[in-house]
Amino acid sequence: MRGLVTGMDEESNYSIFLIDFGNSIAAPKNEAKALSPEFRRVPAQVVPLKLITVKPVEEQEEWSNEVCQFLKEFIIGQNVRVKPEYKDGIIFGARIKVQDQPLDKLLSDSGYAVKVDPIIPSDSHTQNKKDPRKAIPFSDISKQIDVEQPTMEDFEAYVTCVVSPRLFYCRMLDDEKEKAVDEVSAGLKAHFEGKESEGFEYSEGDLCAIKLTDGQWYRGFIVRLHSNETASIWLCDFGSKYTMQREEIYPLPDKFKELPAQSVTLQMQYLVPINDTGYPKEASDYFRLLVVNRILKVKILKKHQTIYRVALFDKKTGTDVGEKYVNKGYAKYIFNRKPVYPETKVAPLMPPEPRPI
455 MRGLVTGMDE ESNYSIFLID FGNSIAAPKN EAKALSPEFR RVPAQVVPLK LITVKPVEEQ
515 EEWSNEVCQF LKEFIIGQNV RVKPEYKDGI IFGARIKVQD QPLDKLLSDS GYAVKVDPII
575 PSDSHTQNKK DPRKAIPFSD ISKQIDVEQP TMEDFEAYVT CVVSPRLFYC RMLDDEKEKA
635 VDEVSAGLKA HFEGKESEGF EYSEGDLCAI KLTDGQWYRG FIVRLHSNET ASIWLCDFGS
695 KYTMQREEIY PLPDKFKELP AQSVTLQMQY LVPINDTGYP KEASDYFRLL VVNRILKVKI
755 LKKHQTIYRV ALFDKKTGTD VGEKYVNKGY AKYIFNRKPV YPETKVAPLM PPEPRPI
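For the sequence shown, counting from 1, position 303 maps to 757 in this note's numbering; every step adds exactly one.
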């Protein structure tokens, strides 16, 4: 099982949060092993939820152990229906039903909670809030930091961020590069943890370092400064974009600029939306379902600056992602010759040169 160490007791036992299940266990230190990079590519499968339509009885600030035990006995192992109302970091505030019964009604009828109108923060944390506005200026980024450039041969990859079939990001499969990204994150944590940004003056187009609510540090590029003291940050090694408070943004030390930005920018070649209105959310969500959490074979068909126009194939099944997407009715081909499945040969990847952390 995959876990995150959250502490250690007096007997040298680790407290470990199981990232695919949501519960915590205790384990002897010698039984916990470092998680290899290949097992980190699949995102943590647990989804943190917060019921937003109840509060504790008698104006209590915290839920009692009795309430928590009651909830565990009733809900564990059951199928639930979740209707998210907002997202705060990685936590979804939601309405929840169990066996078609509203969970808030069950708790209130049992005397464990009071039903209230949905508690939705008027201004949830900006950190980890995805920011879709303003295109990423790739030419400007490449002037600030080297960008990972695959050869024009086929390669294997996993997708890290999807906007639509017209814009998504991947990382090439390479254990050395994965290790290098982890070392950058650990190095930034050691360099900045517990320190304030101390009035760092920055502008659009600067490189920076940020810490997200998962506790990890990331390299970023400042895409836009907003009037409300926030900034849009593009993550150089993942492709996703977040809105951060300005005091949460740190200057990126030069030694952490040596590793090229690992996010490779992709676009599906030969595919266009069914109509001129673009890809609706449903279409982008389905594309995300086809490519995320899978090892893909990438066939480069064309390159425009730092954007690669590609065909994708599921390594495990051989499925042509574009063909499956077209057959679902979300896109059409604009070229009558469809790409062929890539050869099994994968372009050799050179590991990054050693660098100080």
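Even glycine gets a Cβ: it sits at the ideal position worked out from N, Cα and C.
Check whether residue i and residue j have beta carbons under 7 Å apart
i: V752; j: V613; result: no
i: A715; j: C690; result: yes
i: I479; j: I473; result: no
i: Y468; j: A488; result: no
i: V726; j: I788; result: yes
i: A611; j: L706; result: no
i: I550; j: L505; result: yes
i: E602; j: V718; result: yes
i: V570; j: V511; result: no
i: Y740; j: G693; result: no
i: K711; j: I529; result: no
i: Y566; j: V521; result: yes
i: M462; j: P619; result: no
i: R742; j: V616; result: yes
i: V496; j: N747; result: yes
i: Y784; j: L720; result: no
i: E637; j: P491; result: no
i: K782; j: I728; result: no
i: P572; j: T667; result: no
Which listed residue (the options) has its alpha carbon closest to that of residue i
i: V764; options: E736, F741 and Y724; result: Y724
i: Q699; options: V726, D708, F654 and G659; result: F654
i: S639; options: K483, V552, M722 and Q670; result: Q670
i: Q499; options: M455, Q514, D708 and G659; result: M455
i: Y696; options: I687, E702, Y704 and I703; result: I687
i: F592; options: K559, Q759, P491 and P497; result: Q759
i: I703; options: T731, E658 and T719; result: E658
i: P538; options: Q532, G732, A548 and I530; result: A548
i: V534; options: E520, V521 and D558; result: D558
i: A737; options: Q721, Y779 and D730; result: Y779
i: G674; options: K483, K665, S681 and N682; result: K665
i: I595; options: R678, K756, K509 and R494; result: R678
i: V501; options: V536, S518, K649 and E712; result: V536
i: A486; options: T460, D708 and G476; result: T460
i: M626; options: F609, T507, E492 and I590; result: F609
i: G476; options: E465, E516, L503 and N484; result: L503
i: L525; options: K509, T507, L560 and Y540; result: L560
i: S564; options: K756, L661, Q523 and I590; result: Q523
i: Y672; options: S651, E652 and K643; result: K643
i: K756; options: P604, S651, E777 and E652; result: P604
i: L713; options: T684, Q555 and E630; result: E630
i: D708; options: N484, G641, D554 and S562; result: G641
i: L661; options: E465, N519, K597 and E650; result: K597
i: F493; options: T684, G457, V775 and E465; result: G457
Start-to-end residues for the alpha helix (DSSP H) that takes in residue i
i: I775; result: Checking the displayed sequence, the identity of residue 775 turns out to be Val instead of Ile. Per DSSP, V775 belongs to the alpha helix (DSSP H) from V775 to N781.
i: D594; result: F592 to Q598
Beta bridge counterpart(s) of residue i as assigned by DSSP
i: Y762; result: L720 and K757
i: K509; result: V568
i: P482; result: N467
i: P785; result: According to the sequence as given, residue 785 is Ala; it is not Pro. A785 is bridged to P727.
i: F767; result: K751 and D774
i: V601; result: A715
i: L503; result: F546
i: L472; result: G457
Boundaries (first-last residue) of the beta strand (DSSP E) holding residue i
i: V459; result: G457 to M462
Any non-hydrogen atom of the ligand ZN closer than 6 Å to residue i Cβ
i: L525; result: Annotation note on the ligand ZN: not contained in the displayed structure, which lists no ligands.
- Query: Can you give, in chain order, each stretch of the alpha helix (DSSP H) that sits fully within the stretch 668 to 754 and has at least 4 residues?
  - Reply: If we require 4 residues or more, the alpha helix (DSSP H) runs fully inside the stretch 668 to 754 come out as 735 to 745.
- Item | 4 or more residues per run - each alpha helix (DSSP H) lying fully within the stretch 610 to 679 | Complete alpha helix (DSSP H) runs here, min 4: 629 to 646.
- Message: Extract the residue ranges of the alpha helix (DSSP H) inside the stretch 518 to 563, only unbroken runs of 4 or more that lie entirely within it.
- Response: With a minimum length of 4 residues, the continuous alpha helix (DSSP H) runs that stay inside the stretch 518 to 563 are 519 to 529 and 557 to 563.
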